[in-house]
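Report on the structure given below.
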Amino acid sequence: MAVHALYYSDKDGLEMASKNPDKLLFTTKAEADARDRMLELAENIQLFLEQKVEGLSEEMAEACAMALAEEKELLAKAFKKPSVLADHMAEKLAEKDAPTPE
-19 MAVHALYYSD KDGLEMASKN PDKLLFTTKA EADARDRMLE LAENIQLFLE
31 QKVEGLSEEM AEACAMALAE EKELLAKAFK KPSVLADHMA EKLAEKDAPT
81 PE
């Protein structure tokens, strides 16, 4: 019998990671560390949004912050070339509208 190590972010916690193993349990420490950094970024973005956007609820700020943190590479490219976002959304729309093979 083999032993397998699994990693998760402390910010997610073991209970949450166990409930969502496909997204929150990792086979390498590097993947778990990347998730931890993304969650830390999301926390800081949330604080920023709550200060900058009057009337924004905590739940909405958290959802927006997670979306931004999850797409940080795309946004970094978009800061240099704004059309990257439109291109990305067009690709996603095309994927959504494409017929599924039977």
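When you line the sequence shown up against our numbering, it's residues -19 to 82, in that order. We put the beta carbon where it would ideally sit given N, CA and C, even for glycine. None of the values given here were measured: they were computed from a predicted structure.
Ranking LYS(-1), LYS(-9) and ALA10 by CA distance to the CA of ALA(-15) puts ALA10 first. Only buried fits LEU4, as 16 or more other CB atoms lie within 10 angstroms of its CB. Buried is the label assigned to ASP(-8), since at least 16 other Cβ atoms lie within 10 Å of its Cβ. According to DSSP, TYR(-13) shares a beta bridge with PHE6.
Taking a 10 Å sphere around the C-beta of PHE59, we find fewer than 16 other C-beta atoms and assign the residue as exposed.
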